[in-house]
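For the sequence shown, our numbering begins at 6 and goes up steadily by one.
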Amino acid sequence: RTVKNIPKYASAEFYMDNVLPRIKEKKIMALKPFVDRLGYDNVPPEINRLRCRVNYHALRFLPEVEKMADVLVSRMRNHTGTSHPYMALHLRFEKGMVGLSFCDFVGTREEKAVMAAYRQKEWPRRYKNGSHLWQVALEKRKEGRCPLEPGEVAFLLRAMGYPKETRIYVASGQVTKEELTTKEELKPYRKHITSLAALDFLVCLKSDVFVMTHGGNFAKLIIGARRYMGHRLKSIKPNKALMARSLGDPFLGWGAFVKDIEVSHDTRTGLPEATFPGYDIWENPLTHCMCKA
């Protein structure tokens with residue numbers, strides 16, 4: 006049985022009144038849509054503890070997915086025969102994300118024309134005639150609401166002291182997985198895109214450093230899970246608004262840029278931090294899921 010049209014951020018009472026009776030009757034329920042259905046605020050502590058226990062302890066990936074992910078992690082660490090740490094990068098710069106963001110990015114005139122046509126086709130109501138989008142894109146970049154470009158990510162990592170030899174697993178893409186596996190090894194997972202996403206999730210979860218470049222449930226879940234694991238692993242959430250200001254300043258030298266990055270990202274590496282109303286519990290489970298020392 007499926008319960009559909011569940012309001013986003015619904016209260017616990019909604020589930021008690023509308024879902025629990027059906028679960029008692031049918032034993033198994035499917036909820037559509039599923040993401041972020043239960044609210045974060047004014048939820049009874051015992052309900053939050055239960056949802057945390059389900060998310061971090063009860064739910065499991067299929068054994069074959071876990072096994073393949075362990076193979077990828079092992080190959081990332083031991084690519085040259087010796088053990089090395091590795092970084093996982095969730096690079097949100099695929100065509101759909103770039104188009105949906107309605108941000109302006111570096112590119113040739115031809116590339117910009119192709120993207121404009123793509124946006125006009127996919128989001129005609131938002132695009133209109135396109136004349137108003139330049140100002141919208143400028144404001145979004147100033148506010149840090151645009152995905153980081155690959156070049157900007159390179160600047161960030163170099164400013165944070167990571168050398169060019171750093172081993173990087175690029176999630177949400179095919180390049181890294183295809184370099185680490187054979188076609189036959191990946192064949193069973195290509196049938197379901199969620200299986201490939203599950204592999205990415207586990208490899209990112211177990212990385213020594215995780216870097217997100219834009220929002221989204223995937224990155225938030227990884228950062229939250231790594232925090233729940235004890236804040237031992239670094240998770241970098243870039244300050245995109247500061248980067249937009251710094252990279253847009255023609256008079257800012259490399260040394261000053263590095264200093265800006267160091268200062269602004271000192272507290273953006275997945276360390277414990279207090280939550281506030283409306284905060285995503287899965288990005289920071291500290292208050293609701295973890296005991297106070």
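For glycine and all other residues, C-beta sits at the position ideal for the given N, C-alpha and C.
Computed from a prediction, not measured in an experiment: that's the story for all the values here.
For residue 212, which three-state DSSP category applies?
-> coil
By how many angstroms is the C-alpha of residue 122 removed from the C-alpha of residue 129?
-> 10 Å
Please look up how many angstroms separate the CB atoms of residue 48 and residue 17, rounded, as I've assumed it's under 8 Å.
-> 5 Å
Check whether the Cβ atoms of residue 8 and residue 94 sit closer than 8 Å, and answer yes or no.
-> no
Residue 239 - partner residues in DSSP beta bridges = 214
Grab the span of the beta strand (DSSP E) containing residue 95 for me, first residue to last.
-> 92 to 95
In the DSSP assignment, find the alpha helix (DSSP H) that holds residue 105 and state where it starts and stops.
-> 100 to 106
Do you know how far the Cα of residue 256 is from the Cα of residue 194?
-> 49 Å
Closer than 8 Å, CB to CB, is residue 257 near chain D or not?
-> No chain D is part of this structure, which consists of one protein chain only.
In this structure, what does DSSP give as the bridge partners for residue 199?
-> In the DSSP output, where bridge partners are listed per residue, residue 199 has none listed.
Residues in its own chain within less than 7 Å of residue 205 by CB, not counting five upstream and five downstream?
-> 176 and 177
Figure out for me which residue from 92, 141 and 154 has the closest Cα to the Cα of residue 99.
-> 154
Starting from residue 111, follow the alpha helix (DSSP H) in both directions and report where the run begins and ends.
-> That residue, residue 111, is in no alpha helix (DSSP H); it is neither H nor E in DSSP.
Counted within 10 angstroms of its Cβ, other Cβ atoms place residue 289 as buried (16 or more) or exposed | buried
Buried or exposed: residue 31, going by 16 or more other Cβ atoms within 10 Å of its Cβ?
-> exposed
Per the contact definition of three or more C-beta pairs closer than 8 Å, is the stretch 182 to 197 in contact with the stretch 107 to 115?
-> no
Is the Cβ-Cβ distance between residue 81 and residue 91 less than 8 Å?
-> yes
Neighbour-count burial assignment, residue 198, 16 or more Cβ in a 10 Å radius = exposed
Assign residue 28 to one of three DSSP states: helix, strand, or coil.
-> helix
Cβ pair residue 66, residue 291 closer than 8 Å | no
Of the choices 266, 10, 261 and 242, whose alpha-carbon is the least far from that of residue 37?
-> 10
Say whether the stretch 141 to 160 touches the stretch 244 to 251, bearing in mind that this needs 3 or more beta-carbon pairs closer than 8 Å, one atom from each stretch.
-> yes
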